[in-house]
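Residue numbers (our numbering): 55 to 395. Note that CB positions come from ideal geometry on N, CA and C, so glycine has one too. Structure record follows, encoded as structure tokens.
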Amino acid sequence: MLDLTYRVLAEKKPKVRQRIDELLDHDSLKVFEERWRTRTFAPRRTRVGGGDGSINHRRYRNLVIYAVNATAFVYDGGLSRCDAADIGILHPYYQVEERLHLYRAIYELKTALTVLDQVDLFLIDGSLLSDLKALKRLEMGLSKEAKQEVLELLPEIEGSSGPGIASARLMGRLSREEGFREKAGFLEYIEYLSCLEKLITAGIDKVVGISKSSTRSRLGGDLPDIAVYGEVTRRAGYSQPETEVVARRFPVYDELFRSLVFTVTNFRLEEGKEVYMLEIPREADEEEVTGILETIRSVSVGGYPYLLEKAHKEVVIKNSDMERIITGLGVIERTGREVLE
Numbered sequence: 055m056l057d058l059t060y061r062v063l064a065e066k067k068p069k070v071r072q073r074i075d076e077l078l079d080h081d082s083l084k085v086f087e088e089r090w091r092t093r094t095f096a097p098r099r100t101r102v103g104g105g106d107g108s109i110n111h112r113r114y115r116n117l118v119i120y121a122v123n124a125t126a127f128v129y130d131g132g133l134s135r136c137d138a139a140d141i142g143i144l145h146p147y148y149q150v151e152e153r154l155h156l157y158r159a160i161y162e163l164k165t166a167l168t169v170l171d172q173v174d175l176f177l178i179d180g181s182l183l184s185d186l187k188a189l190k191r192l193e194m195g196l197s198k199e200a201k202q203e204v205l206e207l208l209p210e211i212e213g214s215s216g217p218g219i220a221s222a223r224l225m226g227r228l229s230r231e232e233g234f235r236e237k238a239g240f241l242e243y244i245e246y247l248s249c250l251e252k253l254i255t256a257g258i259d260k261v262v263g264i265s266k267s268s269t270r271s272r273l274g275g276d277l278p279d280i281a282v283y284g285e286v287t288r289r290a291g292y293s294q295p296e297t298e299v300v301a302r303r304f305p306v307y308d309e310l311f312r313s314l315v316f317t318v319t320n321f322r323l324e325e326g327k328e329v330y331m332l333e334i335p336r337e338a339d340e341e342e343v344t345g346i347l348e349t350i351r352s353v354s355v356g357g358y359p360y361l362l363e364k365a366h367k368e369v370v371i372k373n374s375d376m377e378r379i380i381t382g383l384g385v386i387e388r389t390g391r392e393v394l395e
């Protein structure tokens, strides 16, 4: 099969190379260069936190076994941390990918909340804005009455403590007469929004998001902004900050989320290094943006925040880890992936 693939490569190489050159045509991308502010960032030392999470799973015919980890680091001259982990069964079998994403995000947000009082700036791996815009599918397929049944559990979600998934515990309180699996997913989504509301309310002046692989393309190009800035610039600096709001409605905390104005910029901390996206969940002028970037520079190695790099390496759950977990649970796998005692 690979022989055919290599023959196709030989045939299509000129066309593919031509298309790459077209996409990276510097003349057509000139507007990006004009929006780039070249700047050297002097490290601004203060108390900085950063966290990440990981989730992996094994699917069977009738259920999903998952493992989730999250950690939040604090650097104030020394390094401390808050860790959380869980292993469980995702039930019912519905919207698996979206719900696993929620589980990981809930653990990340809860560990971040635990250390928020200890820092002046907290770095989240990824985009809060993208997460707010996504996951809407978990609201679909429910009647007004079914949604109201779920929302009646909101006070208990808000009052829950500790890193666990409260919605998994409360799921048994939902009626099974109408759309149980849809209500279960919606309940988990409500818990995610509750955690996010707590983090933003408590840390709107502390929390920022950093994305390595943003697909955001505000300047009308065919490529993500960070990819284009990475191609047309080499010097350290940042792009002209822009603002963005969330237009969609939310089943809870709608007024808060729709009032948020996100300040977004792309940045490179060191010459020749990668470009990343910075997302601030409030309006910030360029002086504040550069101040945040100087703080991030103080805890960065090779142009990327060390706390996020360390967090990612320590929480990642590999497939080999899942194999050991499955073995430890005593689960025997047969053809068809039935789960046996």
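1. Is the beta carbon of residue 121 closer than 9 Å to that of residue 143?
2. For residue 108, which residues in the same chain have their Cβ closer than 6 Å to its Cβ, ignoring the five residues on either side in sequence?
3. Which of helix, strand or coil does DSSP assign to residue 316?
4. Which one or two residues does DSSP pair with residue 359 in a beta bridge?
5. Report yes or no: do the region 224 to 244 and the region 262 to 277 share at least 3 C-beta pairs separated by less than 8 Å?
6. Considering only heavy atoms of the ligand ATP, does any lie closer than 8 Å to the CB of residue 124?
7. Which of helix, strand or coil does DSSP assign to residue 157?
8. In three-state DSSP terms, what is residue 378?
9. Under the assumption that residue 211 contacts residue 220 (Cβ atoms under 8 Å), give the Cβ distance between them as a whole number of angstroms.
10. Quick check on residue 349: buried or exposed, where buried means 16 or more other Cβ atoms within 10 Å of its Cβ?
11. Just how far apart, CA to CA, sit residue 380 and residue 148?
12. Would you identify the three-state DSSP class for residue 296, choosing helix, strand or coil?
13. Round the Cβ separation of residue 9 and residue 87 to the nearest angstrom and send it over; I've been treating them as touching at under 8 Å.
14. Tell me which same chain residues have a C-beta within less than 8 Å of the C-beta of residue 70, skipping the five on either side of it?
15. Can you check DSSP and say which residues form a bridge with residue 58?
16. In this structure, how does DSSP classify residue 216 when only helix, strand and coil are distinguished?
17. Would you identify the three-state DSSP class for residue 268, choosing helix, strand or coil?
18. Can you give me the Cβ contacts of residue 340 inside the same chain, cut-off strictly under 7 Å, excluding the 5 residues immediately before and after it?
19. For residue 388, which of helix, strand or coil comes out of DSSP?
20. Can you tell me where the beta strand (DSSP E) holding residue 173 begins and where it ends?
21. What number of angstroms, rounded off, separates the C-alpha of residue 195 from the C-alpha of residue 233?
22. Going straight from the alpha carbon of residue 128 to that of residue 57, what length do you get?
23. Could you check whether the region 296 to 304 touches the region 178 to 193, counting it as contact only if at least three pairs of C-beta atoms, one from each stretch, sit closer than 8 Å?
24. Going by beta carbon distance, what residues of the same chain come within less than 6 Å of residue 156, once the five residues before and after it are set aside?
25. Locate the beta strand (DSSP E) running through residue 304, then write down its first and last residues.
26. Taking the alpha-carbon positions, what's the residue 321 to residue 61 distance?
27. Is residue 114 helix, strand or coil by DSSP?
28. Just to check my reading of the structure: residue 93 and residue 317 have Cβ atoms closer than 8 Å, yes? What is that Cβ distance to the nearest angstrom?
29. Relative to the C-alpha of residue 227, which residue among 326, 207, 214 and 281 is closest?
30. Would you call residue 74 buried or exposed, if buried means 16 or more other Cβ atoms sit within 10 Å of its Cβ?
31. Which same chain residues, not among the five before or five after residue 307, have their C-beta less than 7 Å away from its C-beta?
32. Counting C-beta neighbours from all protein chains within 10 Å, is the total for residue 158 16 or more, i.e. buried, or is it exposed?
33. With a cut-off of 8 Å on the beta carbons, I'd call residue 173 and residue 260 a contact; round off their distance for me.
34. Between the Cα of residue 367 and those of 65, 151, 104 and 382, spot the shortest distance and give me the residue it belongs to.
35. Closest to residue 314 by CA distance: which of 182, 116 and 113 is it?
36. Please classify residue 171: is it buried, with 16 or more other beta-carbons within 10 angstroms of its beta-carbon, or exposed?
The relevant details are as follows:
1. no
2. 123, 369, 370 and 371
3. strand
4. 354
5. no
6. Inclusion of the ligand ATP in the displayed structure is not the case, the ligand content being empty and no account of it being possible.
7. helix
8. helix
9. 5 Å
10. buried
11. 21 Å
12. strand
13. Shown here, the chain extends from 55 to 395; a query on residue 9 therefore has no answer.
14. none
15. According to DSSP, residue 58 bridges with nothing at all.
16. coil
17. coil
18. 295
19. Because residue 388 sits at a pLDDT of 48, beneath the cut-off of 50, its placement in the model cannot be relied upon, and the point is left open.
20. From DSSP, residue 173 is part of no beta strand (DSSP E); its letter is neither H nor E.
21. 8 Å
22. 51 Å
23. yes
24. 242 and 246
25. Looking at the DSSP string, residue 304 is not in any beta strand (DSSP E), and its letter there is neither H nor E.
26. 40 Å
27. coil
28. The Cβ separation is near 17 Å, so there is no contact.
29. 207
30. exposed
31. 247 and 251
32. buried
33. 6 Å
34. 104
35. 182
36. exposed
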